[in-house]
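And the structure:
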């Protein structure tokens with residue numbers, strides 16, 4: 010596939026209109042495009058038809074309350090009470106040689122595996138492993154389906170598929186833990202376990218989310234992206250699953266032991282379809298994971314990971330746009346008829362690209378929902394999807410991992426309580 014002839018990071022409506030005009034997309038909706046790529050990658054025309062604008066900001070510019078995220082400091086305090094959390098945060102910056110990393114010292118407790126994956130990601134073996142989550146249906150195939158009446162139920166349902174600052178110098182984890190000792194944490198744990206009238210009883214759910222992994226998911230081919238060049242400083246991680254395991258594992262560990270959490274983080278490859286008025290699939294997007302509520306399995310955040318640094322492949326942003334649009338199309342927002350013009354919606358996408366973490370807040374209005382879901386909507390409408398990207402947070406920085414984890418926990422608690430981001 011050729012490189013996009015436009016800047017993927019379209020920043021304003023004027024730029025979008027200029028490029029949409031050049032690509033013959035202006036005045037057409039996603040339902041009216043005459044051609045769809047047979048390849049599994051999103052094409053330039055499809056991307057433009059999704060009407061996405063990207064706002065790029067640094068991690069330091071992220072202010073949670075501005076985006077409707079509350080309780081981050083309270084979440085930080087809850088994290089500090091988790092067993093082994095302090096020691097894990099202290100060990101985050103360590104870089105241990107692979108021939109010295111095993112056995113991992115038990116002082117990290119439940120966080121041993123996350124710390125271990127972080128080490129492997131930062132070491133980054135260079136063998137490629139690729140995965141693709143977007144599949145556009147060719148126009149000719151859609152015509153055949155429409156003429157034969159096949160696949161009319163294609164969109165009947167979703168597709169369930171698969172601030173500590175420490176001068177740490179020793180490179181060997183066991184040596185470092187022995188120097189600092191593990192007795193302090195044991196004493197803290199004993200103090201917490203003393204009987205107290207205010208101590209809440211431990212509760213463990215007997216149910217777990219079902220996960221259906223899809224072995225047939227096609228793969229990203231970064232070799233087909235002319236914009237991608239293998240960087241010398243940060244080569245791609247050999248296995249994308251390792252990156253996904255880090256993000257989903259971290260989110261799970263910091264949430265499933267906290268009272269009040271009623272949501273799960275799972276590596277479930279959730280599929281979302283965008284279909285036309287006849288129920289025929291235009292495209293399908295699959296996530297690398299999601300966060301869903303216990304009570305109704307409603308998805309409240311999606312996950313997308315890549316084994317490469319984000320800046321090396323701008324098509325990652327095109328894929329995330331397609332995923333967000335498909336999610337909005339499949340799980341539609343409740344629109345109140347009396348104040349449509351004032352309604353604003355937000356959704357979260359958590360992204361990890363190699364060793365860097367990002368938060369992407371999608372913001373849109375009722376008009377954009379109608380544009381995506383109503384084939385008869387005026388394609389000249391002025392509604393857009395704004396993808397607000399913040400990051401990166403580095404998994405090798407104690408303070409950055411701690412802050413990112415506090416946001417994860419705060420958001421999980423907020424959605425567990427039924428509170429929206431607006």
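In the working numbering, the protein residues as written are 10 to 431. Note that CB positions come from ideal geometry on N, CA and C, so glycine has one too.
Name the DSSP beta bridge partners of residue i, please?
i           : result
residue 385 : Answer is none; residue 385 lacks a bridge partner.
residue 273 : 301
residue 369 : 358, 398
residue 62  : 395
residue 294 : 143, 281
residue 353 : 374
residue 403 : 365
Select from the options the residue whose C-alpha is nearest the C-alpha of residue i.
i           : options            : result
residue 111 : 378, 143, 125      : 125
residue 400 : 64, 420, 29        : 64
residue 359 : 337, 380, 402, 375 : 402
residue 260 : 68, 321, 84        : 84
residue 264 : 430, 422, 33       : 422
residue 90  : 262, 322, 34       : 262
residue 77  : 392, 353, 377      : 353
residue 378 : 310, 397, 345      : 345
residue 97  : 417, 24, 406       : 406
residue 102 : 82, 132, 28        : 132
residue 94  : 68, 80, 390, 122   : 122
residue 418 : 34, 285, 82        : 82
residue 286 : 38, 404, 342       : 38
residue 308 : 62, 424, 127       : 424
residue 129 : 104, 26, 311, 381  : 104
residue 394 : 41, 337, 315       : 337
residue 341 : 313, 333, 348      : 333
residue 23  : 348, 61, 380, 127  : 61
residue 70  : 380, 25, 368       : 368
residue 306 : 271, 290, 322      : 271
residue 448 : 36, 72, 106        : Shown here, the chain extends from 10 to 431; a query on residue 448 therefore has no answer.
Might you give, ordered along the chain, the residues of its own chain that have their beta carbon closer than 7 Å to the beta carbon of residue i, omitting 5 neighbours on each side?
i          : result
residue 6  : Here the chain has residues from 10 to 431 only, and residue 6 is not among them.
residue 32 : 53, 54, 57
Among residues of its own chain, excluding the 5 on either side of residue i, which ones have a beta-carbon nearer than 6 Å to its beta-carbon?
i           : result
residue 279 : 296, 299
residue 267 : 87
residue 66  : 399
residue 335 : 281, 283, 294
residue 258 : 123
residue 356 : 371
If you run the structure through DSSP and keep just helix, strand and coil, what is residue i?
i           : result
residue 410 : helix
residue 310 : strand
residue 395 : strand
residue 21  : coil
residue 343 : coil
residue 315 : strand
residue 34  : coil
residue 330 : helix
residue 266 : coil
residue 98  : helix
residue 110 : coil
Tell me whether residue i counts as near the ligand ATP, meaning its Cβ is closer than 7 Å to at least one heavy atom of that ligand.
i           : result
residue 353 : As far as ligands go, the structure on display features none, and thus does not contain the ligand ATP.
With a threshold of 8 Å on Cβ separation, who are the neighbours of residue i within its own chain once the five nearest residues in sequence on each side are excluded?
i           : result
residue 431 : 77, 353, 354, 355
Stretch pair the region 358-367 + the region 19-29: three plus CB contacts closer than 8 Å: no
Segment contact flag, the region 377-389 with the region 397-417, C-beta cutoff 8 Å, min 3 pairs: Contact between the region 377-389 and the region 397-417 is absent, because fewer than three Cβ pairs lie under 8 Å.
Three or more C-beta pairs below 8 Å linking the region 265-276 and the region 367-374: no
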